[in-house]
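These notes are about the structure you will find just below.
Numbering (the UniProt record's numbering), first residue to last: 1 to 427.
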């Protein structure tokens, strides 16, 4: 297991924690176990100043290198090993004089059921022992709300162009498990405008990285986030203007190249769904095409692998940007949204930001972009704490007899979405 400290936190001795007796306050302890990261966080709000403090936020990832990807059984074992020690470590960070939080926030779904069960059952036990309420949080709702958390705790964001996040806004939720374009109208009203027909963009990037990256680069991996390794390999200087110069966004969709091909190389990549305006994502074809190229070319040198890696990401990210522009063009009223949020693990990819931003500008759309800090893009308990606090402040808690939800729609038009799950209690 690998310990991952959160760089957003002040040093322990520097924490400013309001006294229980000097101000009204609200504190939640949060647990995240939806996939392979075990996370615990404590978020505190001072009612008098409306200040939010992230008092604790740490996570531990189980080791999946031997499996070249997330192994559900190994992940479940990792949660069992890591969760109790993390909780024990977090308790001294409760506000001065407190022996328990006001409520517990926990990821209820979607995710891997056995992993969710570890966190949810632990949260139930804590709530029963402490006699405090529980809020079962929707994992993807938490990702969409992460920029609000970052602003509230004044965490430096890679990109924050100042757009409003209080009312209607758009989100691209991109990770190893999800690729969704979402229109958020309120805390619980999130309409999915586009989702993937097959695999998620993060999963596709992880898979192609394992066949494109040279053997020595793969051996250097310290985790199974191969997509992140692919970006570092393709853009070794960190994504300079010169490295990105090969990608040029066009002012009209018809001017975009449907086939990406580098002169001098005997291969080409098709932009997914280039000949349709359907609001859907698809990445499996790009992945299978890459594997065919590697099989046909054979022993590819490092420079050609680097070029191929760049073009794979260009095709995938152009596809994402294209669906975003189609939604803005074809969906009535969407252009009134002031802000686009990029969230999820793949939102850490700087080239994705470059492609989306340059495409929006080239097509004449002025959305302001917000991207959470890297530590809040990937799965973490801090975002669960924030989503739980927003739900709790609006009077919602969750019964202690609820079960985890493997597939939990975010969109209320699909089985009621977030509020369609049983067990919500309005206080």
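Virtual Cβ for every residue (Gly too), placed ideally from N, Cα, C.
Residue 178 places its beta carbon less than 8 Å from that of residue 140. Considering only 367, 386, 369, the residue with the shortest C-alpha distance to residue 376 is 386. When C-beta atoms of the segment 328-340 are compared with those of the segment 292-308, fewer than three pairs fall below 8 Å, so the two segments do not count as touching. About 6 Å separates the beta carbon of residue 381 from that of residue 57, a gap short enough to meet the 8 Å contact definition. With fewer than three CB-CB distances shorter than 8 Å, the segment 319-326 does not count as touching the segment 213-220. For residue 261, the number of other beta carbons within 10 angstroms of its own is below 16, and it is reported as exposed. Contact check for residue 137 and residue 104: beta-carbon distance about 10 Å, past the 8 Å limit, so the pair fails to qualify. With a cutoff of 8 Å on beta-carbon distance, residue 176 and residue 285 are scored as not near each other. Around the CB of residue 115, 16 or more other CB atoms lie within 10 Å, so the residue is classed as buried.
A residue is called buried once 16 or more other Cβ atoms fall within 10 Å of its Cβ, and residue 371 is buried on that count. Residue environment analysis places residue 203 among the buried positions, since at least 16 neighbouring C-beta atoms fall within 10 angstroms of its C-beta. Cβ neighbours of residue 118 within its own chain (closer than 7 Å, five residues either side excluded): 33, 76, 79, 80, 83. For residue 290, the secondary structure class from DSSP, reduced to helix, strand or coil, is helix. The beta-bridge partner set that DSSP reports for residue 44 consists of 27, 53. At a Cβ-Cβ threshold of 8 Å, residue 198 and residue 226 do not count as neighbours. In this structure the segment 358-374 does not lie against the segment 118-132, because fewer than three pairs of beta carbons, one per stretch, are closer than 8 Å. With respect to the 8 Å criterion, residue 166 and residue 412 are not classified as neighbours on the basis of their beta carbons.
According to the DSSP assignment, residue 103 belongs to the beta strand (DSSP E) that extends over 103-109.
For residue 231, the CB contacts under 6 Å within the same chain, skipping 5 residues up- and downstream, are 349 in chain order. The three-state reading of DSSP puts residue 413 in coil, since its state is none of H, G, I, E or B.
With a threshold of 16 other beta carbon atoms within 10 Å, residue 398 meets it and is buried. Looking from the CA of residue 268, the closest CA among 123, 152, 296 belongs to 296.
In this structure, residue 246 sits away from residue 148, with a CB-CB distance that is not shorter than 8 Å.
In this structure residue 146 does not touch residue 283 by the C-beta definition: roughly 23 Å separates them, more than the 8 Å allowed. Within the segment 245-298, the complete alpha helix (DSSP H) segments at least 4 residues long are 284-297, listed from N- to C-terminus. Annotation for residue 287: 199, 204, 207, 208 place their beta carbon closer than 8 Å to its own, counting only its chain and skipping 5 residues before and after. Straight through space, the alpha carbons of residue 426 and residue 27 are spaced by roughly 19 Å. The residue from 214, 388, 124, 410 with its alpha-carbon nearest to that of residue 192 is 410.
Here residue 191 carries a strand assignment [DSSP, helix/strand/coil].
The alpha carbon of residue 351 has as its nearest neighbour, out of 304, 389, 318, the alpha carbon of 318. Excluding sequence positions up to five before and after residue 102, its CB lies within less than 7 Å of the CB of 26, 27, 28, 132, all in the same chain and listed in chain order. Contact check for residue 233 and residue 278: beta-carbon distance about 32 Å, past the 8 Å limit, so the pair fails to qualify.
Annotation for residue 396: the continuous beta strand (DSSP E) segment containing it runs 396-398. Each of 418, 249, 414, 419 was checked against the Cα of residue 360, and the nearest Cα belongs to 249. Looking from the CA of residue 94, the closest CA among 24, 41, 270 belongs to 41. Listed in chain order, the non-local C-beta contacts of residue 45 below 6 Å within the same chain comprise 26, 52, local neighbours out to five positions each way being set aside.
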